[in-house]
Structure formats: structure tokens, C-alpha cells
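Encoded as C-alpha cells, the structure appears first; notes follow it.
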Amino acid sequence: MKEVIDNISDFDKYLKDTKMVVEEALDSSLGPENPEILRESMRYSLLAGGKRIRPILCLASCSMAGGNPSLAVPTAVAIEMIHTMSLIHDDLPAMDNDDLRRGRPTNHKVYGDALAILAGDALLTRAFEMISLRSPGVDPNRLLKVVGELSLVAGAPGLVGGQVVDLECEGKEVILETLEYIHLHKTGALLKASVRTGAMIAGANEELLKALTTYAEGIGLAFQIIDDILDLTSSSEKLGKTAGKDLLADKTTYPKLLGLDESKKRAIDLVDKAKKAIEPWGKNAKNLISLADLITNRDN
Ligand code: GRG
Numbered sequence: 001m002k003e004v005i006d007n008i009s010d011f012d013k014y015l016k017d018t019k020m021v022v023e024e025a026l027d028s029s030l031g032p033e034n035p036e037i038l039r040e041s042m043r044y045s046l047l048a049g050g051k052r053i054r055p056i057l058c059l060a061s062c063s064m065a066g067g068n069p070s071l072a073v074p075t076a077v078a079i080e081m082i083h084t085m086s087l088i089h090d091d092l093p094a095m096d097n098d099d100l101r102r103g104r105p106t107n108h109k110v111y112g113d114a115l116a117i118l119a120g121d122a123l124l125t126r127a128f129e130m131i132s133l134r135s136p137g138v139d140p141n142r143l144l145k146v147v148g149e150l151s152l153v154a155g156a157p158g159l160v161g162g163q164v165v166d167l168e169c170e171g172k173e174v175i176l177e178t179l180e181y182i183h184l185h186k187t188g189a190l191l192k193a194s195v196r197t198g199a200m201i202a203g204a205n206e207e208l209l210k211a212l213t214t215y216a217e218g219i220g221l222a223f224q225i226i227d228d229i230l231d232l233t234s235s236s237e238k239l240g241k242t243a244g245k246d247l248l249a250d251k252t253t254y255p256k257l258l259g260l261d262e263s264k265k266r267a268i269d270l271v272d273k274a275k276k277a278i279e280p281w282g283k284n285a286k287n288l289i290s291l292a293d294l295i296t297n298r299d300n
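For the sequence shown, this note's numbering assigns the number 1 to the initial residue and increments by one for each residue that follows.
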């Protein structure tokens, strides 16, 4: 495996190099699976591109906490597997019923609903295998913490709970508090865990873990606000998924409740607060600070 290049003086290079490390690790994380069609379906979604923001956050956080980011690569891969699983399931006819994801037909459009569900299941369980059985060189106590963190995030207290509330709210008037609940669980929880698990692998102390948690909570909500804005203002080509879906489905979003300008302002304020939480760590925090800016400035 290629060593993670940890160059904090050139963020663009850091991003490109770290993304390459993640892509290579994802590529070698699957197989041989039995039967082959399951492997194909898992690879189809896992290697379909994507910004890889969660694994990059995990590796950057590990570096900031003074750890060797190479040791966090299996966890970074696991997080991208959980994320990909949630996208596959979210796109199913029984959920959001979408046919475009990461610029390609959704998994169930290619492999059928049953295999899409099973590929998601296999990715979710492989994620925990990556951490518990394929993370050489990491203190098992730290790995146990990571498994615990991600089991909460992937389950009822996180992604699943958020998705259930989201489905229950379809076609109903939703207040800001409920919208925030959905976002914090569907999107914020995994982003937060990405940052926290990287630091856990590095053995971060409580003070740093607390600051990183505040940082992650800010960027997690900002990320989803920007997602709502982009759904309204961008195109399907740029997003790689169907644009304008929220409006069509009359979904409650930040722009719907607060307007575009106020939503953008809220995202910027959240990112500012997030950055402030880790600023005391100076140059070690530089990459995570640049990643926070990337979240508000992104166009897909
Ligand atoms: C079965 C454990 C389990 C969970 C499934 C379906 C579901 C529960 C939850 C849905 C979670 C979901 C799809 C949230 C949306 C999060 C979001 C903003 C996705 C887009 O993330 P990006 O922009 O996408 O990082 P890329 O493609 O760049 O990775």
C-alpha cells in the first residue's frame, strides 16, 4: 500500500494524493467474493467515484492527532463502504427511488433490487471486517472504540433513525428542528464519526477529541445545507445525481424554510465555528480547516 503523503503546505496536492491512496485502498478492499455477481455489484457502487470526503476527513484527522494516517486507511475504507451502502439503499424504489448516482445508473437499476440490497448488506458487514480483522498495527483497544463508534452511527441512533424520520416526514410540513434532526442523523453522524475515528486511531486525548467533535458537528450540518442548496441550484450532470428532486418531491429543505441566502449564510457560519474549534492546533489543523472550506465552496 502506498504511504499516505502528509503534506500540509500544499492542500491541493494533499487532497489529490490522499484521494489516490483512498481509491487504491478501496480497489483492493473487495474480493474474491462469492458469487462473482455480488462482487461486481459491490464494486460497481464502491468504485463509482464520489468525492471521498469522509475517508479523507478520517485520514486528515488521524494526522492532525499525530498518528500515522496509513494505519487509519482500513477505517477510512470502512467508512466509505458504510456511506456507499447507505447510498445504494437510499436510492431503492422503497426509499428515494432514484436512477442516477455518482453519474451512473443506480445499483438496483443495473443489478435489480434484491442484489442491490445484498450488495449494501455485504458492504456494511465488510466495513466492520476492515476494522476488526484488517487493520494491522493498530492497538485493539482503539479499534474496539472505532467499531463501537461506527456501530452507533450506522444503526438506529444514526443513519437508520435519520432515514426513518425522513421517510415519515414525506409529504408533511416539517419544522426546522425536525429537519435538523434528520440531517444530523442521516448526514452529520457519519461525517462526525469520520473525523472522530481518525483521531481515535491516533490515540488523541480528550481535549483534542472534543475540539474535533465540535469541528465535525459544524461541518456535518453545513455539508447537508450545501447539499440542499445544490439540489436547487445545480444540474444533474454536475452533481452526478438527479438535481431538483427535493423541489419535485416537495421535500422540506433549508432553502425552503430559510431561503437561499440565509441557508448559505448559516452554512458559512457553521463552517467558521467549526474552524475556530481546531484553530488552537495551528499548522496541524491546516488540512482540516481547508477541508471545511471545501465543503462550503463545493459545486457537487
Ligand atoms: C442499512 C445501516 C443502513 C442504513 C441505511 C438509507 C439509509 C439507511 C440512510 C440514508 C443516508 C443518506 C443517503 C444520506 C444522504 C447523505 C448525503 C448528503 C450523501 C451525499 O454524499 P456525498 O455528496 O456523495 O459525499 P459522494 O457521491 O461524493 O460520496
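Cβ coordinates follow ideal geometry from the N, Cα and C atoms, glycine included.
Closer than 7 Å: is that where the CB of residue i sits relative to any heavy atom of the ligand GRG?
i      : result
HIS83  : yes
THR154 : Per the sequence shown, the amino acid found at residue 154 is Ala instead of Thr. ALA154: yes, Cβ under 7 Å from the ligand GRG.
ARG89  : For the record, residue 89 in the displayed sequence is His; it is not Arg. HIS89: yes, Cβ under 7 Å from the ligand GRG.
ARG102 : yes
THR187 : yes
MET64  : no
SER151 : no
SER86  : yes
VAL160 : yes
GLY203 : no
GLY50  : yes
ASP227 : yes
ILE79  : no
LEU124 : yes
Taking the alpha-carbon of residue i as reference, which of the options has the nearest alpha-carbon?
i      : options                        : result
LEU232 : GLY218, LEU212, LYS256         : LYS256
PRO55  : ALA25, GLU36, THR296, ARG101   : ALA25
GLY66  : PRO140, GLU23, ILE201          : ILE201
ARG101 : LEU291, TRP281, ASP250, THR242 : THR242
ASN300 : LYS238, ASP261, LEU167, LYS276 : LYS238
HIS183 : GLU206, LEU159, ILE289         : LEU159
GLY188 : LYS286, PRO157, GLU206         : PRO157
Which of the three DSSP states, helix, strand or coil, is assigned to residue i?
i      : result
MET1   : Because the pLDDT at MET1 is just 42, under 50, the model does not fix this residue reliably, and the value given afterwards should be weighed accordingly. Coil.
ASP10  : coil
SER235 : coil
ILE175 : coil
LEU291 : helix
SER132 : helix
LYS286 : helix
ASP166 : helix
VAL138 : coil
GLY50  : coil
Using the DSSP secondary-structure output, state which residues sit across from residue i in a beta bridge.
i      : result
PRO105 : LEU100
Consider the Cβ of residue i: report whether some Cβ of chain B lies at a distance smaller than 8 Å.
i      : result
LEU124 : The structure shown contains no chain B, having only a single protein chain.
Review point. Are at least three pairs of beta-carbons, each pair with one atom in the stretch 69–80 and one in the stretch 206–216, less than 8 Å apart?
Key: At 8 Å Cβ cutoff, the stretches do not touch.
Check your understanding: Do the stretch 171–189 and the stretch 101–118 touch if we need at least three Cβ pairs shorter than 8 Å?
Key -> In the pairwise beta carbon analysis, the stretch 171–189 is classified as not touching the stretch 101–118: fewer than three pairs are separated by under 8 Å.
**Study point:** Inter-stretch contact at 8 Å, needing at least 3 Cβ pairs: the stretch 117–130 / the stretch 34–50
**Key:** With a cut-off of 8 Å, the stretch 34–50 and the stretch 117–130 count as touching, because enough Cβ pairs lie within range.
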